[in-house]
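As they're listed, the protein sequences go chains Y and G.
Residue numbering for the first sequence follows my numbering, beginning at 7 and increasing consecutively.
Residue numbering for the second sequence follows my numbering, beginning at 7 and increasing consecutively.
One structure is given here, and the rest of the page talks about it.
2 protein chains.
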Amino acid sequence: MATLKPTVGFIGLGVMGNSMASHILDAGYSLFVYTRTKKKAEALVQKGATWVSSPKEIALYAEIVITIVGYPKDVEEVYLGSEGLITNGKPGSYFIDMTTSSPSLAKKLFAEGNKKGIHVLDAPVSGGDIGAKEARLAIMVGGNEADYEAVLPIFQLMGKNIAYLGEAGNGQHTKMANQIAIASNMIGVCEALVYAKHAGLDVEKVLATISTGAAGSFSLSNLAPRIVNGDYSPGFFIKHFIKDMVIALSEAEKMGIETPGLSLALTMYKKLAAMGEENSGTQALYKYWQ
Amino acid sequence: MATLKPTVGFIGLGVMGNSMASHILDAGYSLFVYTRTKKKAEALVQKGATWVSSPKEIALYAEIVITIVGYPKDVEEVYLGSEGLITNGKPGSYFIDMTTSSPSLAKKLFAEGNKKGIHVLDAPVSGGDIGAKEARLAIMVGGNEADYEAVLPIFQLMGKNIAYLGEAGNGQHTKMANQIAIASNMIGVCEALVYAKHAGLDVEKVLATISTGAAGSFSLSNLAPRIVNGDYSPGFFIKHFIKDMVIALSEAEKMGIETPGLSLALTMYKKLAAMGEENSGTQALYKYWQ
């Protein structure tokens, strides 16, 4: 079909963002990009993206804008700062935050956008740098369903398991549930390895034996072997996991629910960060015992 | 082949034991059985097993004896009591404890057996009542490798994933590592569900979204849906899980390793047992939040 494609903007060109933006460009969309460190945009600009110098400009030129930045404070600045997207946005625009960020902030951005006739979605992802590169991210979307459907073709350029979870904030809440499940499991995986090692077992044999049964998990199959090999390189940074757990804990507290496993995991990971491991992968929790 | 099959004894005819003994009988072995509650042996006796009234008699009649009883104190009684297997055993016998029990006790039984020329193996299983019924248990074996190989044909009647893990106690240690990994993960699975529910999410949709990614686990795929359906029936009893965690914690303390996740899980499950949930399935941890 020769329908005119909407112009897309992309803010935040880290490892994830670069791959994601690249898929959009490859699909033939006009792409405007902005990121704090201009150098990170070079490869995309060479492929045909247009660099601009602020979120404000993106808001002026693009009809659909995707953001994937660092922390909730960065999201807030990108959307609500004086040079921000919503502050300067046109009615009818679609703004999609794919940062893992606070559900409460997602609701606020939705409400602020709504006042100006701007469609805001929260759509955090799971799947890491490899998922981003291979365009098979899981994407968890909150906001209006009609808005979700309108931009679904864009999501489909980046992910496979794309789910609409309901009202604004529900994408972030779903991601938080995901991180909560991972947090305690990482403790169990590391403890099992520490126990097996101290018991004098052949740890690789133990993993082969227990990974396929009731103790089985993604982390046991994918991260435990890295630990056994002494590989603590980041698939997912400890500092980002801490950010997510802080958000999840804050939301859980607002709901009045106890999360003893999450609290324990956060305490342990903060200790690791203090030991200088914040840029290691989450499997470096194993070093808690060293 | 028309080789003479060894006579087998089986002690402990709970749901697991009954299925396991039945497979041995079906394979054409002569089977002597003993269990504290005679009624539990009825079906096997009707199929051709011979009931005897003590472990001592089993030790006299059988060349290979399998035990799968309740608690370490039961194991100790069955092996070392005045009517026990080792107390009354013949040199050259093979005694295999498939109870999930203490690694320290397994080492003790091995040593005591060794004094009398009796081959003792520890071989706890994983896979539950369905695994036992379908003869696809995981079996984790510790003891002498030659002894393991001698009785492997018997293990193959009951399981699929059968592993020799090294010296006496290592089967139990591997099972402990398995339970340690499960313990913390159960907290994470339940917390994620509690969070999702309180956040007002469609919990089934959340599970479908997060089960296939980095948060994925056997428990998330198999036990979380039961929780969503309010099904707390036992695949694995809380009281047995508590027994296992108490053993694991005791062994970890002997090794001088900290197990904060295991300790937390044990505290939470003990609270549930005190609430009257000891005969519920482990997924009833969810009720901790009710």
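The beta carbon of each residue, even a glycine, is placed where N, CA and C say it ideally should be.
Source: prediction; values computed, not measured.
Quick one: which chain Y residues come within Cβ less than 7 Å of residue i?
i, result
"G:His-204", "Met-261, Ile-263"
"G:Val-195", "Ala-187"
"G:Ala-258", "Tyr-201"
"G:Ser-190", "Ser-190, Asn-191, Ile-193, Gly-194, Glu-197, Gly-267"
I'd like the list of long-range same chain contacts for residue i, defined as Cβ closer than 7 Å, with 5 residues on each side in sequence excluded.
i, result
"Y:Asp-136", "Here residue 136 of chain Y is Ile; the residue named in the question, Asp, does not match the sequence. There are no such residues."
"G:Gly-134", "Gly-241, Phe-242"
"Y:Glu-210", "Val-234"
"G:Ala-220", "none"
"G:Asn-176", "Gly-148"
"G:Ser-286", "Tyr-238, Pro-240, Ile-244"
"G:Gln-289", "Leu-229, Arg-232, Ile-233, Tyr-238"
Give the residues of chain Y in contact with residue i, contact being defined as C-beta atoms less than 9 Å apart.
i, result
"G:His-179", "Tyr-201, Ala-202, Ala-205, Gly-206, Leu-207, Val-212"
Looking at the C-beta of residue i, does it have a partner C-beta in chain G at a distance below 7 Å?
i, result
"Y:Met-7", "With a pLDDT of 45 at Y:Met-7, under the threshold of 50, the predicted position of this residue should be treated as unreliable, and no value is reported."
"Y:Phe-124", "Residue identity differs from the one stated: residue 124 of chain Y is Ile in this sequence, not Phe. Taking Cβ atoms only, chain G never reaches closer than 7 Å to Y:Ile-124, which makes this a no."
"Y:Met-146", "yes"
"Y:Asn-120", "no"
"Y:Asn-150", "no"
"Y:Asn-24", "no"
Return no unless some Cβ of chain Y is closer than 7 Å to the Cβ of residue i.
i, result
"G:Ile-244", "no"
"G:Thr-106", "no"
"G:Ile-248", "no"
"G:Ser-132", "yes"
What residues of chain G sit near residue i, judged by a beta carbon separation below 9 Å?
i, result
"Y:Ser-286", "Going along chain G, no residue has its Cβ under 9 Å from Y:Ser-286, so there is no contact; the nearest lies around 16 Å."
"Y:Leu-171", "Leu-207, Asp-208, Lys-211, Val-212, Thr-215"
Find the residues of chain G that neighbour residue i, judging by a C-beta separation of less than 7 Å, and give them in chain order.
i, result
"Y:Ala-47", "Simply none; closest approach about 28 Å."
"Y:Met-182", "Tyr-201"
"Y:Asn-176", "Leu-207"
Can you list, in chain order, the residues of its chain whose CB lies under 6 Å from that of residue i, leaving out five sequence neighbours each side?
i, result
"Y:Ala-8", "In this predicted model, Y:Ala-8 has a pLDDT of only 47, less than 50, meaning its place in the structure is not dependable enough to derive any value."
"Y:Glu-118", "Ile-92"
"Y:Ala-258", "Thr-265"
"Y:Leu-115", "Tyr-85, Val-126"
"G:Ile-145", "Ala-129, Val-131, Phe-161, Gly-165, Ile-168"
"G:Lys-113", "Ala-174, Gly-175"
"G:Gly-23", "Ile-74"
Using a Cβ cut-off of 8 Å, pull out every chain G residue sitting near residue i, in sequence order please.
i, result
"Y:Phe-224", "Gly-219, Ala-220, Ala-221, Gly-222, Ser-223"
"Y:Trp-295", "Ile-263, Glu-264"
"Y:Leu-270", "Pro-266, Gly-267, Leu-270"
"Y:Asn-167", "Thr-215, Thr-218, Gly-219"
Verify the contact flag: residue i, CB atom, against every heavy atom of the ligand GDP, threshold strictly below 6 Å.
i, result
"Y:Met-251", "What this structure holds is no ligand at all, so the ligand GDP is not there to describe."
Since residue i sits in a beta bridge, which residues does DSSP pair it with?
i, result
"Y:Leu-127", "Y:Ile-102"
"Y:Met-146", "Y:Ala-169"
"Y:Ile-160", "According to DSSP, Y:Ile-160 bridges with nothing at all."
"G:Leu-37", "G:Val-14"
"Y:Gly-287", "Y:Phe-243"
"Y:Thr-73", "Y:Ile-17, Y:Asp-103"
"G:Ser-132", "G:Ala-144"
"Y:Thr-56", "Y:Phe-38"
"Y:Ser-223", "G:Ser-223"
Enumerate in chain order the residues of its own chain whose CB-to-CB distance from residue i is below 8 Å, with the five nearest sequence positions on each side excluded.
i, result
"G:Lys-44", "Trp-57"
"Y:Val-14", "Ile-30, Tyr-35, Ser-36, Leu-37, Phe-38, Ala-68, Glu-69, Ile-70, Val-71, Ile-72, Ile-160"
Determine the chain Y residues that contact residue i at a beta-carbon separation under 8 Å, and present them in chain order.
i, result
"G:Ser-36", "Neighbours of G:Ser-36 on chain Y: none; closest Cβ ~31 Å, over 8 Å."
"G:Ser-60", "What G:Ser-60 touches in chain Y: nothing, since even the nearest Cβ is about 34 Å away."
Problem set entry | Stretch pair the segment 228 to 238 of chain Y + the segment 117 to 134 of chain Y: three plus CB contacts closer than 8 Å | Segments in contact, no.
Exercise. Below 8 Å, can you find three or more Cβ-Cβ pairs linking the segment 82 to 91 of chain Y to the segment 43 to 61 of chain Y?
Worked result: yes
For this session: Pair every Cβ in the segment 182 to 192 of chain Y with every Cβ in the segment 246 to 255 of chain Y, then say whether three or more of these pairs are closer than 8 Å.
Result: yes
Exercise. Counting pairs of beta carbons, one from the segment 102 to 120 of chain Y and one from the segment 269 to 286 of chain Y, are three or more of them closer than 8 Å?
Worked result: As far as the Cβ criterion goes, the segment 102 to 120 of chain Y does not touch the segment 269 to 286 of chain Y, which means the pair count is below three.
Exercise. Within the chosen definition, does the segment 172 to 190 of chain G reach the segment 196 to 204 of chain Y through at least 3 CB pairs nearer than 8 Å?
Worked result: yes
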